[in-house]
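Below is one structure; the comments refer to it alone.
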Amino acid sequence: MNTFDKARRFIYRNARPLDLAVFRFYFENGPLSDVTAALSAYQNQDGGFGWGLESDNFNRNSLPMGVWKATEYIRKTGGLEPDDPIAEGILKYLSSGSDFDIEHNQWLNTVPTNNSSPCAVWWKYPENGSVFEYNPTAALAGFIIKYADKKSALYEKGVQIAGEAANWFIMNAPLERHIAVCFMSLYDYCDDAGNMPFDSETYLAKLNEIIEGSVCSDVSRWGEYIPKPSTFFTPANKRFYNEKFKELCSVECEYIKNTQLSDGSYSVPWQWYSDCKEWYIAENWIKAQITIDNMIFLRDFDDLFF
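Counting in our numbering, the sequence shown tops out at residue 1412, every number present.
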């Protein structure tokens, strides 16, 4: 049985309905409606997302990071129409003021209700409050710019936040994968919408600098939780691919084929660092997600695989 067939078997046995729908969308002509139907199950009445959509956080309540995760699933499968109920719900949540810090003009990275929910230690709400580094605010502002009514107050808010976020990014952005991915999303949304409320040339140069400085070329460390080419060059972020990464992407394709576990999955390079038994459920979900992402990466960068 080859790499893909083993992966497919594991995915069908272990993936959540949402992730299975994504797999079928990419490889079996599965309809986008199956993805959106499964995604909608995680959406609350206020339009936000919880219920463990972010697999490392079982909080049922709506939270900004849950909404960000939903928007990434949307980007991964090509987007939605502005009047789609999922998009309308997200805009409703983002306009509500929930989980938004007025002083920093950002949505919270973590929320207090995480502390009473099974989750990884990094999702616990710290005593000194949320972290403000535009993760996930930059991406959420971009979603607003692409999907909100351009005459709405929410749209104006999104444009303002996007400009502030871009200025911060150009001046201060660290070599940090999660922040970089959010700013990749922001650029993508604004480009799609035809509205760049910042110096796009300087911004893009900074973004490429962060990506190039973040990707680890030491293959011996790829079993750790570090950025590889697949961290950044996803279907949603293909526009950021540079030919200088061609060889390293080929190396990662071989790495993917050589590190597959006997059951068809891949190891998860992190844990929750807590005694929550829900981790063992989450780990299996995440294995399926990593497996799907690896197959998509092979599809995109290994000419001989498919």
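Think of the CB as a built atom: it goes at the ideal place given N, C-alpha and C, for glycine as much as any other residue.
Annotated as distal: C1355 and P1375, with beta-carbon spacing of 8 Å or more. When DSSP assignments are scanned along the region 1277-1354, the uninterrupted stretches of alpha helix (DSSP H) that are 4 or more residues long and fall wholly within it turn out to be 1283-1299, 1306-1320 and 1335-1338. Spatial neighbours of G1329 in its own chain (CB-CB distance under 8 Å, excluding positions within 5 residues in sequence) are listed in chain order as T1365, S1373 and P1375. Cβ contact annotation for K1312 (same chain, cutoff 8 Å, sequence separation greater than five): F1275, I1276 and A1279, in chain order.
Q1377 and N1165 have their C-alpha atoms roughly 17 Å apart. DSSP, reduced to helix, strand and coil, places Q1266 within a helical segment of the structure shown.
Going by DSSP, I1208 is part of no alpha helix (DSSP H) at all; its letter is neither H nor E. Assigned with DSSP and collapsed to three states, C1382 falls in coil, not helix or strand. DSSP places N1120 in the uninterrupted alpha helix (DSSP H) bounded by T1109 to N1120. Pairwise C-beta distances place the region 1176-1185 out of contact with the region 1224-1231, as fewer than three of them are shorter than 8 Å.
Excluding residues up to 5 positions away in sequence, Q1377 and W1378 lie with their Cβ nearer than 7 Å to the Cβ of W1385 in the same chain. For N1163, the pairing in a beta bridge is given by DSSP as C1225. Two segments are said to touch when three or more pairs of C-beta atoms, one from each, lie closer than 8 Å; by this definition the region 1240-1259 does not touch the region 1141-1152. W1213 is bridged by DSSP to F1206. By the criterion of a C-beta distance shorter than 7 Å, Y1361 is surrounded in its chain by V1325 and W1328, once the five residues flanking it on both sides are discounted.
Counting along the chain, the unbroken alpha helix (DSSP H) around S1146 starts and ends at L1138 to S1146.
Taking C-beta atoms as the reference points, A1244 and F1289 count as a pair closer than 8 Å. Judged by DSSP in its simplified three-state form, F1403 adopts helix. If you draw a straight line from the Cα of S1306 to the Cα of V1173, it is about 25 Å long. Annotated three-state conformation of F1411 is coil, per DSSP. By the Cβ test, the region 1263-1273 is in contact with the region 1291-1300, since at least three Cβ pairs between them sit closer than 8 Å. Within the same chain, and ignoring the five residues on either side of K1198 in sequence, the residues whose Cβ sits closer than 6 Å to its Cβ are G1153. In the structure shown, the three-state DSSP call for Q1395 is helix.
Under DSSP, Q1149 takes part in a beta bridge, and its partners are F1155.
Nearest to S1236 by C-alpha distance, out of I1250, Y1253 and D1205, is D1205.
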